Amino acid sequence: MTETKRGGIPLHWLMLIGFVVGLAGGLAANFYVDPEAAWLTTLVAVAGTIGQLFLKLLFMMVIPLLFSALVIGVAEMGDLKSLGRAGIKTLLLTIVVSGIAVVIGLGMVNFFRPGDGVAPEVAAKLMQQGAEGAAAIVDKAPASVQFDQFFLDLVPSNVFTAASENQILPVMIFALFFGIGLVMAQSKATDQLQRTIEGLLEVTMKLINLFIKLAPLAIACLMFKLAAVFGWDLLVRLAAYVAVAVGAMLIHMFVVYPLVVWIGGGMSPFRFFKGVREPMVVAFSTASSNAALPVSLKAAETELGLPRKIARFVLTVGATANQNGTALFEGVTVLFLAQFFHIDLTIGQQVLVMLVCILGGVGTAGVPAGSLPVVAMILVMVGVPAEGIGLILGVDRFLDMCRTTLNVTGDLVLATVVSRGESDDSVAADAEEPEPVGA
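Under the UniProt record's numbering, the first residue of the sequence shown carries the number 1, and numbering increases by one thereafter.
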């Protein structure tokens, strides 16, 4: 993710300052001020309104962001014809490995339950203050899972109706098929359409960059409101959340990735991690997949000895579409906040979260805090107060560094597996194979 500065100070430092100021002010109000004081009630309401405006700006960009990013992420696999089986393996492995990441995250949160421990009456108080729509969404959630209807609902009969009703998963399914259609129907007209959608993505990312500049103020307001209501319990829950999120990422990094490299790629995990040290360091220090891409390409060719065309294709596409760490982070965050607000998600709702996180990992834009719109929308989908996102914004920089490292390493894992049995010569042969007469 790119780094944004304001007044010479990096954005993540401004966000951290806003987090600390809001947290300190809220804790002081919780400890020293009568919670029924009129001026405090008014101040909390104003802070909540400012935070809600910030969230609404993010919500406004969710549909265009996910549609354009997911379509382009799939359409960039336009090399499917020339790379043949390499493109298919890339797509399937992206879905499978991202799914494993999300399952690990959800399993960790369900086992350790880092969001538990806050008094139910206090959580209910905050929900009443700023999330009137959450209860209605929870009430609509089915008590049991009807899988036949669940899968039928994935395919929208009218994508515009689905978008207007914030049915994110059907919109993402439509975007997925739309991207596949662009890959299959290659012509001058579709090339122009793809460039138009790329333009939509660029505009959307530019606007999100603009809105994210408001994040320091929004974080201060959201944290003040949360800290004034929850007090010191907030710090304990936040520390538990970070520990679980990082723990899940470590399991995926040092258990899942070595197994995938060893079994799927036929390479020693020790050789692999020795060869990708530099990209991992760059990814962690910059929290930027784009910044790590040149280093990853070099490591793939010189350290891992992967075919250049395969490595370039997989790593370039993977920088956008294969974001295991982002998918894991989104799942952990949603379930943590659900526990924090004493909202029990059904198995069906957790499956929904998992599917959206997998597709969201493909459709998350590479901008500062690019996953925040997706997280906020998933929260609304499952009936969790969206202002709870303020809890994690202050520690998001560190978690961003961790999940970016996981993303970049995952791209190299993917390239290693896809490269097995491939060479630049075989890829060139596939690309130059003539089409049958009459095709």
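Ideal Cβ positions, reconstructed from N, Cα and C, are used throughout, including at glycine.
As the structure is a prediction and not an experimental result, all values here were calculated from the model.
Residue j and residue i - do their beta-carbons sit closer together than 8 Å?
i, j, result
"residue 328", "residue 104", "yes"
"residue 216", "residue 48", "no"
"residue 65", "residue 373", "yes"
"residue 354", "residue 383", "no"
"residue 292", "residue 279", "yes"
"residue 227", "residue 30", "yes"
"residue 117", "residue 237", "yes"
"residue 379", "residue 334", "yes"
"residue 295", "residue 314", "no"
"residue 463", "residue 207", "Nothing about residue 463 can be read from this structure; the chain reaches only from 1 to 439."
"residue 303", "residue 325", "no"
"residue 394", "residue 219", "yes"
"residue 200", "residue 68", "yes"
"residue 351", "residue 168", "no"
"residue 254", "residue 261", "no"
"residue 120", "residue 342", "yes"
"residue 159", "residue 177", "no"
Using the DSSP secondary-structure output, state which residues sit across from residue i in a beta bridge.
i, result
"residue 251", "Per DSSP, none; premise fails for residue 251."
Can you give me the C-alpha to C-alpha distance between residue i and residue j, rounded to a whole angstrom?
i, j, result
"residue 58", "residue 417", "36 Å"
"residue 172", "residue 401", "26 Å"
"residue 45", "residue 359", "35 Å"
"residue 221", "residue 21", "9 Å"
"residue 154", "residue 42", "42 Å"
"residue 266", "residue 323", "22 Å"
"residue 102", "residue 63", "22 Å"
"residue 500", "residue 306", "Residue 500 lies beyond the range of the chain shown here (1 to 439); nothing can be said about it."
"residue 38", "residue 233", "24 Å"
"residue 289", "residue 317", "11 Å"
"residue 192", "residue 398", "39 Å"
"residue 16", "residue 108", "26 Å"
"residue 90", "residue 8", "40 Å"
"residue 268", "residue 245", "27 Å"
"residue 392", "residue 162", "29 Å"
"residue 229", "residue 182", "50 Å"
"residue 112", "residue 396", "20 Å"
"residue 259", "residue 252", "10 Å"
"residue 92", "residue 202", "27 Å"
"residue 36", "residue 164", "39 Å"
"residue 309", "residue 263", "22 Å"
"residue 421", "residue 110", "39 Å"
Assuming the contact rule is C-beta atoms closer than 8 Å, residue i and residue j should be a hit. Round their C-beta distance to whole Å, please.
i, j, result
"residue 55", "residue 386", "5 Å"
"residue 179", "residue 74", "3 Å"
"residue 349", "residue 115", "Between residue 115 and residue 349 the Cβ distance is about 15 Å, and since that is not below 8 Å, they are no contact."
"residue 419", "residue 311", "7 Å"
"residue 414", "residue 300", "10 Å between Cβ atoms; not a contact."
"residue 51", "residue 225", "7 Å"
"residue 99", "residue 223", "Their Cβ separation, rounded to whole angstroms, is 33 Å, which puts residue 99 and residue 223 out of contact at 8 Å."
"residue 249", "residue 106", "That belief does not hold up - the Cβ atoms of residue 249 and residue 106 are roughly 13 Å apart, past 8 Å."
"residue 33", "residue 23", "With 8 Å as the limit, residue 33 and residue 23 do not qualify as a contact, their Cβ atoms being about 15 Å apart."
"residue 72", "residue 197", "6 Å"
State buried or exposed for residue i, treating a residue as buried only when at least 16 other CB atoms are found within 10 Å of its CB.
i, result
"residue 13", "exposed"
"residue 270", "exposed"
"residue 184", "exposed"
"residue 195", "exposed"
"residue 157", "exposed"
"residue 403", "buried"
"residue 204", "buried"
"residue 97", "buried"
"residue 257", "buried"
"residue 94", "buried"
"residue 11", "buried"
"residue 88", "exposed"
"residue 189", "exposed"
"residue 371", "buried"
"residue 298", "exposed"
"residue 152", "exposed"
"residue 345", "buried"
"residue 452", "No answer is possible for residue 452: it lies beyond the span of the chain, which begins at 1 and ends at 439."
Answer with yes or no whether the minimum CB distance from residue i to chain B is below 8 Å.
i, result
"residue 102", "No chain B is part of this structure, which consists of one protein chain only."
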